[in-house]
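Protein chains: 2
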Amino acid sequence: MTAQRRVVAEVLDGEHVHLTADEVHARAVAKLPEISRATVYNTLGELVSLGEVLEVTTDKRAKRYDPNAHRPHHHLVCAQCGSIRDVHPTGNPLADLPDTERFGFTVSDVEVTYRGLCPNCASA
Amino acid sequence: MTAQRRVVAEVLDGEHVHLTADEVHARAVAKLPEISRATVYNTLGELVSLGEVLEVTTDKRAKRYDPNAHRPHHHLVCAQCGSIRDVHPTGNPLADLPDTERFGFTVSDVEVTYRGLCPNCASA
DNA sequence: AGCACCCTTAGACTTTGTCTAAGGGTGACA
DNA sequence: TGTCACCCTTAGACAAAGTCTAAGGGTGCT
Numbered sequence: 003m004t005a006q007r008r009v010v011a012e013v014l015d016g017e018h019v020h021l022t023a024d025e026v027h028a029r030a031v032a033k034l035p036e037i038s039r040a041t042v043y044n045t046l047g048e049l050v051s052l053g054e055v056l057e058v059t060t061d062k063r064a065k066r067y068d069p070n071a072h073r074p075h076h077h078l079v080c081a082q083c084g085s086i087r088d089v090h091p092t093g094n095p096l097a098d099l100p101d102t103e104r105f106g107f108t109v110s111d112v113e114v115t116y117r118g119l120c121p122n123c124a125s126a
Numbered sequence: 003m004t005a006q007r008r009v010v011a012e013v014l015d016g017e018h019v020h021l022t023a024d025e026v027h028a029r030a031v032a033k034l035p036e037i038s039r040a041t042v043y044n045t046l047g048e049l050v051s052l053g054e055v056l057e058v059t060t061d062k063r064a065k066r067y068d069p070n071a072h073r074p075h076h077h078l079v080c081a082q083c084g085s086i087r088d089v090h091p092t093g094n095p096l097a098d099l100p101d102t103e104r105f106g107f108t109v110s111d112v113e114v115t116y117r118g119l120c121p122n123c124a125s126a
């Protein structure tokens, strides 16, 4: 555990946090000016491997990092401004996929992404 | 409708087709050697705007283009080799998101991505 | 034939992420 | 306390995917 890794972990803290690697780097630099991009990428990769942080790819742009890894959840994304909320739908989508639709795959995981407009963008 | 656009449309035809822009370009070049990358990107972008083709981002790498835009469906992705199948789960995930979990958003769309191992990768 | 329009082309540019070689701090051991 | 090895960090080069721009070329209209 180095100062750099601690700073990255501190930046990624809270609910509804979904920062890109660049945003993590920018905030880490504010706390520790000499931290490098490569270190941020390395640390994020390790946190993902350890299961402490989730990678989220809600759009084609940068990957985002979600520290809320210990409670299963899905995402609600504003199609206009890109803001993201964690959501907890009822029901189990895994049970909704019949065997005939599995093509012999061993299915182990589901991601659900809801899309729409956030209150801000809807009123504009 | 130009020759270039026709070729792109021809390349994107069939079930379970999910090509990257680069793959589309490679196959288009086989039919029309002088077609350029920019034209492929432009044409794909137009097809997406017209609603004839869906953009799919199952991984952080390249976007994929899915011509099966007129029948709603979701995707089943092999975590190892990346192969993709179109699937049609039962149930309606939109109904599974209670109002209290919508944060004031106007929710209009859901994408579901199932992940697992395809028969090939599972047996290897 | 001349012209305007728009599609296409090639390539430069941007963004995001990965890789590599060199530098530096920390603990282990004498 | 001095030396050493190890591994993390750094800076920058590199790579992949996509966007943008300026110039070239076909097509149809007049």
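Chains A and B, in that order, are what the protein sequence lines are.
For the first sequence, my numbering gives the first residue as 3, with consecutive numbering after it.
For the second sequence, my numbering gives the first residue as 3, with consecutive numbering after it.
Even for Gly, the Cβ is constructed at its ideal location relative to N, Cα and C.
Applying the 10 Å Cβ sphere with the 16-neighbour rule, what's the burial state of L14 (chain A)? Flag for L14 (chain A) reads buried.
Proximity to A124 (chain B) [Cα-Cα], best of B:P69, B:V79 and B:L46: Of the candidates B:P69, B:V79 and B:L46, the one whose C-alpha sits nearest the C-alpha of A124 (chain B) is B:V79.
Touching by the beta-carbon criterion (3+ pairs, under 8 Å), the segment 103 to 119 of chain A and the segment 106 to 123 of chain B: Touching, yes.
Using the C-alpha atoms, what's the distance from S85 (chain B) back to H77 (chain B)? Near 10 Å, if we compare the C-alpha coordinates of S85 (chain B) and H77 (chain B).
Once you ignore the five residues that flank H18 (chain A) on each side, which residues in its own chain have a CB closer than 6 Å to its CB? Excluding positions up to five away in sequence, the list reads R87 and D88.
Taking just the CA atoms, how far does S38 (chain A) sit from H90 (chain B)? One C-alpha to the other measures close to 45 Å.
My assumption, with CB atoms under 8 Å, is that L46 (chain A) sits in contact with V58 (chain A). Please give the rounded CB distance. Beta-carbon to beta-carbon, L46 (chain A) and V58 (chain A) are separated by about 12 Å, too far to satisfy the 8 Å threshold.
A81 (chain A) versus A:D61, A:T102 and A:R66, residue with shortest Cα-Cα distance: Considering only A:D61, A:T102 and A:R66, the residue with the shortest C-alpha distance to A81 (chain A) is A:D61.
Which residue from B:L99, B:T92 and B:H72 puts its Cα closest to that of A97 (chain A)? Selected option, being the one with the closest Cα: B:T92.
Counting only beta-carbon atoms, is G47 (chain A) nearer than 8 Å to chain B? It does not; no Cβ of chain B falls within 8 Å.
The beta strand (DSSP E) with R39 (chain B) in it runs from where to where? From DSSP, R39 (chain B) is part of no beta strand (DSSP E) but of the alpha helix (DSSP H) over R39 to S51.
Please state whether DSSP places D15 (chain B) in a helix, a strand or coil. Three-state result, D15 (chain B): coil.
In three-state terms, what does DSSP make of S85 (chain A)? Coil.
So if I threshold CB-CB distances at 9 Å, which residues from the segment 26 to 43 of chain A count as touching chain B? Hits within the stretch: zero.
Ordered along the chain, which non-local residues of its own chain (more than five positions away) have a Cβ less than 8 Å from that of A5 (chain B)? Counting only Cβ-Cβ distances below 8 Å, and skipping sequence neighbours, we find L34.
Whole-angstrom Cβ separation of N24 (chain B) and A64 (chain B), contact assumed at under 8 Å? Residue identity differs from the one stated: residue 24 (chain B) is Asp in this sequence, not Asn. Indeed, because the Cβ distance is near 6 Å, the residues count as touching under 8 Å.
Using C-beta distances below 8 Å, list every residue in its chain close to T22 (chain B), excluding the 5 sequence neighbours before and after it, in chain order. Closer than 8 Å at the Cβ level, and outside the excluded window around T22 (chain B), lie R63, A64, K65, R66 and Y67.
Helix, strand or coil: how does DSSP classify L99 (chain B) here? Note: L99 (chain B) maps to coil in three-state DSSP.
Which bits of chain A does S127 (chain B) rub up against, with CB to CB less than 8 Å? Residue 127 (chain B) lies beyond the range of chain B shown here (3 to 126); nothing can be said about it.
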